[in-house]
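Structure first, commentary second.
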Amino acid sequence: TARLAGKRALITGAGQGIGRETAALFAAHGATVWASDLNVAALDGLTGCSPIALDVTDAEAVRALVDDIGEIDVLFNCAGMVVSGTVLDCSESDWARSLDVNVTSMFRLIRAFLPGMIARQSGSIINMASIVGAPKAAPNRCAYGMSKAAVVGLTKSVAADYVTQGIRCNAICPGTIETPSLHDRLRETGDFEGALAAFRARQPMGRLGQPQEIAALALYLASDDSAFMTGQAVMIDGGWSA
Ligand code: NAD
Numbered sequence: 015t016a017r018l019a020g021k022r023a024l025i026t027g028a029g030q031g032i033g034r035e036t037a038a039l040f041a042a043h044g045a046t047v048w049a050s051d052l053n054v055a056a057l058d059g060l061t062g063c064s065p066i067a068l069d070v071t072d073a074e075a076v077r078a079l080v081d082d083i084g085e086i087d088v089l090f091n092c093a094g095m096v097v098s099g100t101v102l103d104c105s106e107s108d109w110a111r112s113l114d115v116n117v118t119s120m121f122r123l124i125r126a127f128l129p130g131m132i133a134r135q136s137g138s139i140i141n142m143a144s145i146v147g148a149p150k151a152a153p154n155r156c157a158y159g160m161s162k163a164a165v166v167g168l169t170k171s172v173a174a175d176y177v178t179q180g181i182r183c184n185a186i187c188p189g190t191i192e193t194p195s196l197h198d199r200l201r202e203t204g205d206f207e208g209a210l211a212a213f214r215a216r217q218p219m220g221r222l223g224q225p226q227e228i229a230a231l232a233l234y235l236a237s238d239d240s241a242f243m244t245g246q247a248v249m250i251d252g253g254w255s256a
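Structure follows, in structure tokens:
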């Protein structure tokens, strides 16, 4: 059955990985989907979705998007980036960019689309966090973990402030998921197979997650099936944090 029939959804970072799988799944469940990405060419072939070029760090473009596409029922803030390194490795610009792309982007999109949701007393906002951040640390992920922990703080704040106005806001905290950017990070180590084995070894299930498995959670959070759920940071990590 179509679990998102009649709903309009905007997804950021939909060009590849989890965002792309989620856009396809939302469309398959009857939603009208605006799939956005910095790299608009990456949206090619995403059937059933309207492609939109959007850099989530561009505050003006985010504001203009509201006039463009109008009100939405579901906002999935999925765009994000990874900066590697410890606190001593992290430059001022890596720190600032981690916050801008991973957190301030969500602040911008929520401020743009929440008023329309409040007017209709209905909306589901889903923010992409990570198991790395509020739930736990990973080595060499200082700025990344800091930014993803902040996502959980933003999520709970929005949930608490608008709970009486029909708005729900939840965060997803995935473990290691096999996506194009993960493969890039593995290649960058210079030892793809060794790095992949190390990632697998910290997974109690002995395998990495698949983007479809995270998309299925996003579908639940977007749909009315999760109507009683708000302010949560849902861990989906193959038992890593158990
Ligand atoms: P990815 O990193 O492979 O792709 C991210 C997409 O976001 C790309 O298409 C990229 O073009 C886009 N993007 C980057 N900067 C952007 C910007 N400024 N504006 C708009 N779009 C931009 O995808 P992924 O690995 O599925 O990660 C998606 C989200 O899930 C990220 O927020 C990431 O931090 C989070 N996450 C991923 C994992 C994992 O293991 N892959 C684990 C936990 C959390």
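First residue of the sequence shown? That's 15 in the UniProt record's numbering, and the numbers climb one at a time after it.
Where is the CB? At the ideal position from N, CA and C, for every residue including glycine.
Straight across, the Cα-Cα distance linking Leu18 with Ala212 is about 38 angstroms.
Annotated as proximal: Thr190 and Leu222, with beta-carbon spacing under 8 angstroms. Distance from the C-beta of Val97 to the nearest heavy atom of the ligand NAD is not below 7 angstroms.
Ala151 has its alpha-carbon roughly 13 angstroms from the corresponding atom of Ala164. Beyond the five residues adjoining it in sequence on each side, Gly33 comes within less than 6 angstroms, by CB distance, of Ile25, Gly27 and Cys92 in the same chain, given in chain order.
The three-state secondary structure of Lys150, taken from DSSP, is strand. In the three-state reduction of the DSSP assignment, Leu79 falls in the helix class.
If you ignore the 5 residues before and after Ser161, its C-beta comes within less than 7 angstroms of the C-beta of Ser112, Leu113, Asn116 and Val117, all in its own chain and listed in chain order.
Ala164 carries a helical assignment under DSSP once its states are collapsed to helix, strand and coil.
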